[in-house]
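Residue numbers (our numbering): 15 to 344.
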C-alpha cells in the first residue's frame with residue numbers, strides 16, 4: 015500500500031480510503047469487523063464514516079460498529095486515521111430538534127461528544143463538515159473547532175460537498191484568525207462519469223493545500239461493469255445506475271467504456287479506481303465494500319498502472335469539463 019500526506023499536513027494516509035457507509039445497513043457487524051481487519055492487514059489506515067450512517071432510526075449505528083471494533087484492541091485505534099462527519103439531522107425520524115443538526119457551535123460540540131462515545135475513542139483525527147451551512151458564519155465554526163482542538167477531541171478539520179468558493183472563504187478566514195490550520199481535506203463527488211469537480215473544487219483544494227477524497231468512485235455502480243453484469247449474470251442494475259442508464263446516450267457511453275476496457279483486458283471497477291489515483295490533487299478515493307471480495311478488487315486497483323493510450327481513451331469516452339474559467343469563457 016502506498017501512502018501520501020493528507021493535503022498540506024504531516025499526516026500520512028493510505029491511497030485508498032475505507033468507506034464504512036454500508037456497515038450496518040447492508041453488512042452486519044461481524045462481516046464489517048472482518049472487512050476492517052482485512053483493510054488494516056492490507057495497509058489501509060484511513061477509515062471514513064459519518065454520524066448519520068446507519069440511516070433512519072439507526073443513525074449512528076455505523077460509528078458504533080467501528081467503536082466495537084476498536085474495543086477489540088490489538089492497536090486498532092492507534093493504527094487508524096479516523097475521519098467522521100457532522101451536519102445531518104440525527105433524529106431517528108422527523109425533523110431535527112432546534113440546534114441538533116448543521117454547523118452551529120452548539121451542534122458541533124454536541125455531535126463531537128456523541129461520535130466519540132459511539133466510536134469508543136477520545137479523539138477524531140479528521141472531523142469533516144458533511145455539507146455547507148448557509149446560516150452559520152465561519153467565525154462561529156472556527157471558534158468551535160479551535161476549542162475542540164485545544165481539548166484534544168479533534169486534530170484536523172475537513173469539508174465535504176463544498177463548492178470552491180466556500181473552501182476559499184473558510185480558509186481565508188482561518189488564515190486571518192490565526193491559530194488554526196483551516197480545512198485540510200475536501201471529500202467530493204468525483205469519478206470518470208462525474209468530473210465537474212475539476213472545474214472549481216479541485217483547483218481550490220489544490221491552491222489551499224487540501225487533499226481531495228473522491229466519494230462514489232464507481233458512480234453508484236455505473237462504472238463497475240454494469241452492462242457486462244446484465245449480460246453475463248442477468249442482473250439488472252438498480253438505483254442511481256438504473257436511472258442514469260435509462261438515457262440511451264448514457265448507455266452508449268457506458269458501453270463504449272466497457273468495450274475499451276475489454277479490449278485492454280481490464281475490469282471496469284478497478285480501472286475507475288485506478289484512474290482516480292492518477293488525478294492531480296487526489297489523496298485517495300473512498301471504497302465502500304459490502305463484502306471482502308469487493309475489498310480485494312479495490313486493492314488490485316491500487317496496484318494497477320494505466321497506460322497513456324488507455325488514459326487517452328478514457329478521456330475520449332468521458333471528457334472533462336476543461337479548466338476554469340476557460341471552460342465557460344474566453
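For glycine and all other residues, C-beta sits at the position ideal for the given N, C-alpha and C.
No experiment lies behind these values; they were computed from the predicted model shown.
Based on DSSP bridge pairs, tell me the residues matched to residue i.
i           : result
residue 17  : 28
residue 41  : 37
residue 228 : 202
residue 296 : 226
Rank the options by C-alpha distance to the C-alpha of residue i and give the top, closest one.
i           : options            : result
residue 272 : 285, 144, 130      : 285
residue 26  : 60, 84, 288        : 60
residue 5   : 195, 210, 97       : Not covered by the structure: residue 5. The range shown for the chain is 15 to 344.
residue 186 : 116, 223, 207      : 223
residue 234 : 225, 245, 216, 254 : 254
residue 137 : 149, 145, 154, 171 : 171
residue 296 : 324, 341, 257, 226 : 226
residue 337 : 166, 66, 209       : 209
residue 329 : 339, 69, 292       : 292
residue 30  : 318, 335, 331, 322 : 318
residue 341 : 129, 214, 142      : 214
residue 193 : 220, 162, 218      : 162
residue 101 : 93, 50, 126        : 126
residue 277 : 314, 237, 324, 265 : 324
residue 129 : 97, 239, 147       : 97
residue 198 : 216, 211, 207      : 216
residue 166 : 179, 48, 189, 140  : 140
With DSSP run on the structure shown, which of helix, strand or coil describes residue i?
i           : result
residue 96  : strand
residue 236 : coil
residue 338 : coil
residue 208 : coil
residue 110 : coil
residue 349 : Only positions 15 to 344 of the chain appear in this structure, which leaves residue 349 out of reach.
residue 256 : helix
residue 263 : helix
residue 118 : coil
residue 269 : helix
residue 102 : coil
residue 217 : helix
residue 89  : coil
residue 132 : helix
residue 22  : coil
residue 125 : helix
Mind checking if residue i is an interface residue toward chain D, Cβ cutoff 9 Å exclusive?
i           : result
residue 192 : The structure shown has no chain D; it contains just one protein chain.
Inset, instruction - Jot down the residue ranges of each uninterrupted beta strand (DSSP E) in the stretch 136-204, minimum 3 residues, whole runs only, in chain order. - result: Here the runs fully enclosed are 138-143, 168-174, 197-203.
Inset, instruction - Please list the segments of the alpha helix (DSSP H) lying wholly inside the stretch 56-85, counting only runs of 4 or more residues, in order along the chain. - result: 75-84
Legend entry - Stretch pair the stretch 113-125 + the stretch 68-77: three plus CB contacts closer than 8 Å: Short answer: they don't touch.
Legend entry - Cβ pair count under 8 Å reaching 3, the stretch 291-310 against the stretch 265-282: no
Legend entry - Those runs of the alpha helix (DSSP H) which lie wholly inside the stretch 272-325 and span at least 4 residues: Correct list: 282-291, 306-317.
Legend entry - At least three beta-carbon pairs within less than 8 Å, the stretch 188-202 to the stretch 172-180: yes
Inset, instruction - Inspect the CB distances between the stretch 306-314 and the stretch 44-63 and report whether three or more fall short of 8 Å. - result: yes
Legend entry - Three-pair Cβ contact test at 8 Å for the stretch 100-112 versus the stretch 149-165: no
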